[in-house]
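**Student:** Residue 1188 in the numbering used here sits at position 69 of the sequence shown, and the numbers go up by one each step.
The structure is given below, and queries will be raised subsequently.
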Amino acid sequence: MDAHFIYAIGAALSGYFLGSIPFGLILARLTGQGDIRQIGSGNIGATNVLRTGRKDIALATLLLDAGKAAAAFFLIKLIFPPSAYLPLIAAAAALMGHCFPVWLKFKGGKGVATFFGGMLAAAWPVGLICGAIWLASAFITRLSSFSALLAAALAPIIAFFWGLPYVAAMAAFMAVIIFIRHRENIARLLKGAEPKIGGKKDAS
1120 MDAHFIYAIG AALSGYFLGS IPFGLILARL TGQGDIRQIG SGNIGATNVL RTGRKDIALA
1180 TLLLDAGKAA AAFFLIKLIF PPSAYLPLIA AAAALMGHCF PVWLKFKGGK GVATFFGGML
1240 AAAWPVGLIC GAIWLASAFI TRLSSFSALL AAALAPIIAF FWGLPYVAAM AAFMAVIIFI
1300 RHRENIARLL KGAEPKIGGK KDAS
């Protein structure tokens, strides 16, 4: 079997299992908040953790979820042979693990924090631009989900014109996953029924 293929599989599996650690669920339980899946939208991400009223836990979840893709990227870069694409595979796989964790019957988070963590690790200028796009869009529209979808959709285009084709490919893959996980939000956006930031309920 080709060594490059074996390394690619190893990078993907490592990234997936690292990404599948449900930090929101773990932190909520450790701090006595119960099963986060029984609160709000039922997601394990920072937005839903915030509904417990614990901003500190939500912030920790946000940082840890973002860190999963970044950790996968740098871990593979450190222990695997030098490669332009293996760390990117690991970061993309971390997003898959976060969104579809085997431990939770493949029902994970929406992946936005993990997406940004992966982009910042792979190409921090592109990651910062995507973050700025999210912030600007969220400020104007007050729609968190739309802003995340916009940033994800533009990420591969930005990376490509930045001269980073491998990063563009990773970003495109991650964008597809983000859109899949936000399909309910997309349906509400099309109906004009998506809750806005600061409203009674932010379902993004």
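C-beta atoms are modelled at their ideal positions from N, C-alpha and C, and glycine is treated no differently.
Could you check if G1112 is buried or exposed, using at least 16 other CB atoms within 10 Å of its CB as the buried criterion?
**Tutor:** An answer regarding residue 1112 cannot be provided, because it is not within the stretch 1120 to 1323 covered by the chain.
**Student:** Less than 9 Å between the beta carbons of L1207 and M1289, yes or no?
**Tutor:** yes
**Student:** With a threshold of 8 Å, are at least 3 pairs of Cβ atoms found where one atom belongs to the segment 1163-1180 and the other to the segment 1219-1238?
**Tutor:** yes
**Student:** Any idea what DSSP makes of Y1204, helix, strand or coil?
**Tutor:** In the structure shown, Y1204 sits in coil (DSSP, three-state: anything other than H, G, I, E or B).
**Student:** Runs of 4 residues minimum, wholly inside the segment 1153-1212: which ones carry the alpha helix (DSSP H) assignment?
**Tutor:** 1165-1168 and 1174-1198
**Student:** Here's the rule: buried if 16 or more other CB atoms are within 10 angstroms of the residue's CB, otherwise exposed. What is K1320?
**Tutor:** For K1320, the predicted structure reports a pLDDT of 46, less than 50, and the residue's modelled location is therefore unreliable. The matter cannot be settled from this model.
**Student:** So for W1281, helix, strand or coil by DSSP?
**Tutor:** coil
**Student:** Straight-line CA distance for L1194 to R1261?
**Tutor:** 36 Å
**Student:** Near L1214, what residues of its chain come up, given a Cβ to Cβ distance below 7 Å and the 5 sequence neighbours on each side ignored?
**Tutor:** G1138, A1188, G1230, T1233, F1234, G1237, M1293 and I1296
**Student:** Does the segment 1251-1266 come within contact of the segment 1214-1224, defined as at least 3 CB pairs closer than 8 Å?
**Tutor:** no
**Student:** Quick check for students: name the residue ranges of the alpha helix (DSSP H) that lie wholly in the segment 1287-1323, counting only runs of 4 or more.
**Tutor:** 1302-1310
**Student:** Taking just the CA atoms, how far does G1143 sit from S1264?
**Tutor:** 19 Å
**Student:** With DSSP collapsed to three states, give me the class of A1242.
**Tutor:** Residue state for A1242 is assigned as coil, using DSSP reduced to three classes.
**Student:** What three-state label does DSSP hand F1219 in the structure shown?
**Tutor:** coil
**Student:** Nearest-angstrom Cα distance between C1249 and G1151?
**Tutor:** 35 Å
**Student:** Looking only at its own chain, which residues have a Cβ that is under 6 Å from the Cβ of A1212, when we skip the five neighbours before and after it?
**Tutor:** A1131, G1134 and Y1135
**Student:** What's the call for I1259, buried or exposed, on a 16-neighbour Cβ count within 10 Å?
**Tutor:** exposed
**Student:** In chain order, what residues of the same chain lie with their CB nearer than 7 Å to the CB of A1240, ignoring the 5 residues before and after it?
**Tutor:** Answer for A1240: A1188, A1189, F1192, F1193 and A1210, listed in chain order.
**Student:** Roughly how many angstroms lie between the CA atoms of I1145 and W1281, to the nearest whole one?
**Tutor:** A straight line joining the alpha-carbon of I1145 with that of W1281 spans about 38 Å.
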